[in-house]
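Here's the structure we're looking at; comments come further down.
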Amino acid sequence: MAGDERWNYGNMDMYLPQNPPSSGAISQNYTQQTESLPHRTDGEPPVTQNGQTTHEDSAFYLLKDLPGIPRPGGPHHVSPGAQGPVDITGSVNLIQHHGLEHSFHKFCGKKVKEPLSNFLPNLPGFIDTPGLQDGSSLRSLIEKPPIVGKELYLLSGPQLQGFRLHPGPIPEQYRLLHQQPPAKKKHKNKKHKREHNGGASSATSGEKEKKTKKQKKHEDSEKKEKKKKKDKKKKKTGST
Amino acid sequence: MAEKLEQLEQHLEQFIENTRQMGIIVSDFQPQGQPVLNQKIHAMITGMQEIDRCKGQLQDVQVPLEVFEYIDQGRNPQLYTKDCMEKSLAKNEQVKGKIDALKKFRSQLILELDKVFPEEIAKYKAAREMVKEEHS
């Protein structure tokens, strides 16, 4: 058998006495050797006095949770891998398991637009630019949190005097802050325009088609008349 | 939870709109606009007070930090959700492939071991059945 090659039968020589006695003496020595083996409780394979393992009890030494094999930490100790079968593993569709199919189709089925302004269409100003450019990033808010915890009070009359402004426009460098991005034209209008233009073009093309058909008919009729005239002339010339 | 978030969203939109209107008034200020400006400043402070009151109701809301990177880049935060879904699906498929491969290996290994060590495998199978009964 192929498995026999794995076993080191050279180890069995230690059970054989140097002077060959009768067969009974050999079996007695063998049993004495096995009974004197220390019984290990740490899950390691049983070791002989010579430091070599036997295969008599070591078949399942790796399986600590099987009956008949003492557990290393005592009878109530549960090894990490011996908690029994786990129901939820990666072999299950976890999105389906957690009821996220609708969310998955919503985000992954349809095309999600890239710019931030598509998520927040009602916000004024330019919001698609990176926050690092103008110092309005959320990361900077986390790294340097503002002063919080103070009470907010309405301003009194004298305090509002500080907000009295001079009439006139603000400097040009601050006017850009109030510029709005160009309003996105509604696609419906474009569609309507395209349909209208398409309808008009289709109408003109139809008219053109009609004209060409009419022209063709007229041309055909002219050709027929010419042929008839030619035939008549031939007949006249032929008769004379 | 959704109602509280909607309420906060409304307060924030009103606050932003108020700020925008203040910006328009200030961009070309006229003296007759001073009372309106004062009114807008009051509205701004009351808006901040309302937003501050909302924070107590939303203490347990957790936001992943990675979303902030998307927002700071001017990208739609729904793309983060989409990327998470796609990554989890890919990982799920990867793990399922590994589990299937290991199951096949296990069955093949037991099959071959049964040919070489029939007695030991019979003992092993009996012991596994006992363990299954214990756990069930």
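As given, the protein sequences belong to chains A and B, one line each in that order. Using my numbering, you'd call the opening residue of the first sequence number 1 and step up by one each time. Using my numbering, you'd call the opening residue of the second sequence number 1001 and step up by one each time. We put the beta carbon where it would ideally sit given N, CA and C, even for glycine.
Burial is judged here by how many other beta carbons sit within 10 angstroms of a residue's own beta carbon; residue 110(A) has fewer than 16 and is exposed. At least 8 Å separates the CB of residue 1107(B) from every CB of chain A. Annotation: residue 157(A) to residue 165(A) spans about 15 Å, alpha carbon to alpha carbon. Here residue 152(A) is exposed: its Cβ has fewer than 16 other Cβ atoms, across all protein chains shown, within 10 Å. Taking 8 Å as the upper bound for CB-CB distance, residue 1018(B) and residue 1040(B) are in contact here, some 6 Å apart. Shown in chain order are the members of the region 1012 to 1043 of chain B whose Cβ falls below 7 Å from a Cβ of chain A: 1013, 1016, 1020, 1023, 1024, 1026, 1027, 1028, 1029, 1030, 1031, 1034, 1037, 1038, 1041 and 1042.
By the Cβ-count criterion, residue 1082(B) is buried, with 16 or more other Cβ atoms from all chains shown falling within 10 Å of its own Cβ.
DSSP places residue 1053(B) inside the alpha helix (DSSP H), whose first and last residues are 1034 to 1054. Under the DSSP assignment, residue 1060(B) falls outside any alpha helix (DSSP H); it carries neither an H nor an E label. The continuous alpha helix (DSSP H) containing residue 1018(B) extends over residues 1002 to 1027. In this structure, DSSP gives residue 149(A) a state outside helix and strand, which the three-state scheme calls coil. Counting every other CB atom within 10 Å of its CB across the protein chains shown gives residue 174(A) a total below 16, marking it as exposed. Taken atom to atom, the span from the alpha-carbon of residue 1032(B) to that of residue 106(A) is near 51 Å. Annotation: residue 135(A) has no Cβ neighbours in chain B at a cutoff of 9 Å; minimum Cβ distance is about 11 Å. Using a 10 angstroms sphere on the CB of residue 1011(B), the tally of other CB atoms reaches 16 or more, which defines it as buried.
With the rule of 3 Cβ pairs closer than 8 Å, the region 1107 to 1115 of chain B does not count as touching the region 1087 to 1096 of chain B. Sequence-ordered contacts of the region 126 to 155 of chain A with chain B read 127, 128, 129, 130, 131, 132, 137, 138, 139, 142, 152, 153, 154 and 155 [C-beta pairs closer than 8 Å]. Annotation: residue 98(A) to residue 1058(B) spans about 24 Å, alpha carbon to alpha carbon. Residue environment analysis places residue 1071(B) among the buried positions, since at least 16 neighbouring C-beta atoms fall within 10 angstroms of its C-beta. The residues 1025, in chain order, have a CB closer than 6 Å to that of residue 1037(B) in the same chain once the five nearest residues on each side in sequence are set aside.
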